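These notes are about the structure you will find just below.
In full-length UniProt numbering, the protein residues as written are 1 to 355.
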């Protein structure tokens with residue numbers, strides 16, 4: 001297997017700069033014993049080799065200039081030119097053959113895995129292309145499509161908003177054994193609404209869940225309190241009377257996503273699928289909609305309320321790893337300063353003070 005194609009079990013498959021965010025996390029989880037479908041990765045080296053022409057380098061430079069000038073029309077035109085150039089050039093020599101030899105048998109899922117994705121403050125969710133149920137005939141084309149999606153209009157705009165240049169991001173492509181799920185969905189190791197770290201929230205639907213994603217069907221939603229080992233709420237989706245998850249499924253999912261969060265650090269947003277009773281992990285990334293909490297966390301068993309002054313002023317993004325000026329309080333509603341710098345003063349309206 002060449003350096004341009006790596007097994008998900010290869011020791012280098014956990015290196016984000018080589019295989020991208022999605023693949024590096026799945027390789028790490030697979031190495032730690034989690035059930036992750038087998039696969040291979042067309043690395044970022046293949047992506048960079050594909051873009052390594054004078055013409056594309058010139059177009060990239062022009063794209064950076066258009067982004068800096070906030071010229072949307074020119075940005076879209078140049079991004080379209082890059083997508084066309086990538087598709088015209090195709091994969092580097094030998095990659096298609098190596099991929100066919102190394103890939104899992106049967107149908108595969110072809111998924112983009114960019115170096116700048118699944119980050120604590122920028123998930124890039126839905127910005128790059130992925131394809132399900134691909135076969136030998138269309139596999140090389142689908143891989144190239146994933147590479148070209150690095151210059152999709154939404155992806156370019158998202159990177160610009162995040163302050164990333166086009167050449168700061170490289171796209172690897174993950175090719176995994178395709179699983180046809182009985183039930184699938186997402187699970188959060190912390191409640192994104194209340195922020196409670198001990199509550200798992202699960203959205204689940206029958207099959208691949210495409211109907212839930214498209215909005216033509218509603219998923220079941222479950223809230224499970226790990227500290228009390230009980231289901232707090234189970235809402236069935238749409239007009240269905242039957243539940244797609246058993247209590248055992250909910251408990252198992254909750255335990256798995258909690259273990260994943262312990263392994264990876266911040267609270268996690270996990271994509272999963274159940275096939276013949278086995279839970280497989282398809283993706284894991286930090287939850288980007290949580291406010292931070294102080295570390296170490298209180299151990300007195302009481303409910304605590306936190307107020308982030310930095311976020312209220314608009315100085316901070318909501319993310320699990322942010323450190324900001326916070327208020328610390330308890331369930332009584334009282335609050336005392338916590339983490340505040342000495343000799344602070346209120347900044348003028350519309351400004352942010354540095355700490």
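Cβ atoms here follow ideal geometry from the backbone N, Cα and C, with glycine treated the same way. Small disclaimer: the values here were computed from a predicted structure and weren't measured.
Query, Result
"Is residue 43 helix, strand or coil by DSSP?", "coil"
"To which residues of the same chain is residue 34 closer than 6 Å at the C-beta, ignoring the five residues directly before and after it?", "281"
"Does any C-beta atom of chain D lie closer than 8 Å to the C-beta of residue 241?", "Included in the structure is just one protein chain, with no chain D present."
"Just to confirm the assignment, what range does the alpha helix (DSSP H) spanning residue 247 have?", "247 to 264"
"For a test of the three-state rule: what should DSSP assign to residue 132, helix, strand or coil?", "strand"
"Does residue 198 pass the burial test, meaning 16 or more other C-beta atoms within 10 Å, or should it be called exposed?", "exposed"
"Can you tell which of 279, 12 and 303 has the C-alpha that lies nearest to the C-alpha of residue 186?", "279"
"Going by DSSP in three states, residue 183 sits in which element: helix, strand or coil?", "strand"
"DSSP state of residue 18, grouped into three classes?", "helix"
"Give me the Cα-Cα distance between residue 271 and residue 188, rounded to the nearest whole angstrom.", "9 Å"
"Could you tell me which residues DSSP pairs with residue 174 in its beta bridges?", "41 and 111"
"Let's see if you can read the secondary structure: which residues bound the beta strand (DSSP E) around residue 222?", "220 to 225"
"My output table needs one value for residue 68: the three-state DSSP class, helix, strand or coil.", "helix"
"Within the chosen definition, does the region 4 to 17 reach the region 97 to 117 through at least 3 CB pairs nearer than 8 Å?", "yes"
"Could you tell me which of 250, 268 and 195 sits nearest to residue 306, measuring between CA atoms?", "195"
"How is residue 54 classed by DSSP in three states: helix, strand or coil?", "helix"
"What does a CB cutoff of less than 8 Å around residue 230 pick up in its chain, not counting 5 residues either side in sequence?", "224"
"One question on the structure: do residue 192 and residue 289 come within less than 8 Å of each other, judged by their Cβ atoms?", "yes"
"With DSSP as the reference, label residue 189 as helix, strand or coil.", "coil"
"State yes or no: is the C-beta of residue 169 within less than 8 Å of the C-beta of residue 146?", "no"
"In or out: residue 295 buried (at least 16 other Cβ within 10 Å) or exposed?", "exposed"
"For a test of the three-state rule: what should DSSP assign to residue 59, helix, strand or coil?", "helix"
"I want to know whether the region 96 to 110 touches the region 2 to 13 - three or more CB-CB distances under 8 Å.", "yes"
"Is the number of C-beta pairs between the region 157 to 177 and the region 243 to 252 that are closer than 8 Å three or more?", "no"
"Given residue 218, which residues of its chain have a CB within under 6 Å of its CB, disregarding the five upstream and five downstream residues?", "237 and 238"
"Quick one: is residue 204 buried, meaning 16 or more other Cβ sit within 10 Å of its Cβ, or exposed?", "buried"
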